[in-house]
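In the working numbering, the protein residues as written are 244 to 612. Let me begin by presenting the structure, written as structure tokens, before commenting on it.
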């Protein structure tokens with residue numbers, strides 16, 4: 244039965260983590276298929292992978308750095324089983340993990356698993372997150388307490404609404420959704436929220452189970468890695484802005500309506516334009532708009548911001564009448580910002596015409612919203 248599943252692990256450097264993760268994984272699942280995708284690692288990862296005598300391991304190494312998303316996409320494309328589960332190399336996999344996923348996963352479902360984590364982001368709630376300090380790394384990991392916890396909970400099959408990046412599914416599902424977007428979100432961050440939205444729009448159920456359990460040391464390959472820790476704030480900011488450019492809204496606006504619970508969730512990104520003379524407003528809020536009439540083309544802003552996005556920013560300031568909705572702004576308050584972050588979710592409730600919401604003057608031009 245377990246031969247129907249493949250573990251998929253994406254790595255970039257951090258060989259010591261990968262070695263420990265591999266060891267702990269093989270202690271529990273010595274023969275379950277495993278794909279390791281190395282997206283341009285510059286340490287000894289490739290050499291180590293070649294040294295392994297593991298007939299159930301397939302590895303791929305690219306010589307150039309690719310995004311977190313593309314590294315996983317490459318791994319997924321090399322899976323030969325019907326189902327797969329994505330893991331990180333700062334994780335310990337618990338007993339009964341694959342067996343639980345096998346019991347619960349259906350073809351129309353994206354199924355996330357439970358992660359036990361130390362209290363690094365204790366104030367951030369999400370499905371399947373358990374705060375319990377069992378160590379900050381493999382060197383001080385409390386395997387005894389972890390195994391006790393796993394044995395207590397891995398027999399239950401409770402499902403919760405919602406999902407996160409720690410996910411499993413049929414390979415056909417990942418192909419149907421189109422994989423992770425490694426071009427919009429480079430090198431990382433926000434690709435999970437983007438993927439989950441696209442999965443829901445494709446009609447897949449987003450669920451999390453409490454019986455497939457891992458311990459997650461948290462962000463040791465991303466936010467807290469040597470490479471990322473000094474520039475992650477800038478990368479996160481760019482990814483968040485690119486998410487808004489792609490969807491027209493920040494992810495928290497979608498989360499506020501609990502989109503995963505809406506049975507026939509539908510969302511159409513209308514072309515929204517802006518007319519304003521406030522340059523500073525444009526600098527902060529440009530991602531919300533598809534076209535912007537500032538009265539001129541802000542060359543300096545475009546020069547500074549263009550390197551952080553694949554969107555052609557200059558084109559936003561040309562032919563600004565080709566939109567479904569035009570918003571006129573002369574002054575702006577924090578409450579207007581809150582309205583702006585939600586406005587696309589309610590536009591379909593209105594007929595063509597002129598409306599005012601706070602300081603936002605809105606002209607809806609189309610009727611087929």
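All C-beta atoms in this analysis are idealised placements derived from N, C-alpha and C, irrespective of residue type, glycine included.
- Residue 278 is positioned such that its CB atom lies closer than 8 Å to that of residue 318.
- Residue pairing by DSSP places residue 547 opposite no residue, since no beta bridge is assigned to it.
- Under the three-state reduction of DSSP output, residue 306 falls in the coil class, being neither helix nor strand.
- Within 10 angstroms of the beta-carbon of residue 538 lie fewer than 16 other beta-carbons, which makes it exposed.
- Per DSSP, reduced to three states, the secondary structure at residue 522 is helical.
- Pairing residue 532 with residue 496, the inter-Cα distance amounts to about 16 Å.
- Rounded to whole angstroms, residue 512 and residue 564 show a C-alpha spacing of 17 Å.
- Annotated as proximal: residue 248 and residue 324, with beta-carbon spacing under 8 Å.
- DSSP links residue 606 through a beta bridge to 569, 597.
- The beta-carbon separation of residue 256 and residue 288, rounded to 7 Å, stays under the 8 Å limit for a contact.
- Between residue 452 and residue 349 the beta-carbon gap is near 12 Å, outside 8 Å, which marks them as no contact.
- Note that the C-beta distance between residue 583 and residue 528 is below 8 Å.
- Shown here for residue 460: same chain residues with a beta carbon closer than 6 Å to its own, the five before and five after excluded, namely 333, 380 in chain order.
- At the C-beta level, residue 310 and residue 486 stay beyond 8 Å of one another.
- At a cut-off of 4 residues, the continuous stretches assigned as alpha helix (DSSP H) that sit fully inside the segment 398-480 are 414-420, 434-444.
- In its chain, beyond the 5 residues on either side, 530 have a beta carbon closer than 6 Å to the beta carbon of residue 484.
- Under the three-state reduction of DSSP, residue 261 is assigned to helix.
- Residue pairing of residue 279 in beta bridges, as defined by DSSP: 252, 302.
- Counting every other CB atom within 10 Å of its CB across the protein chains shown gives residue 522 a total below 16, marking it as exposed.
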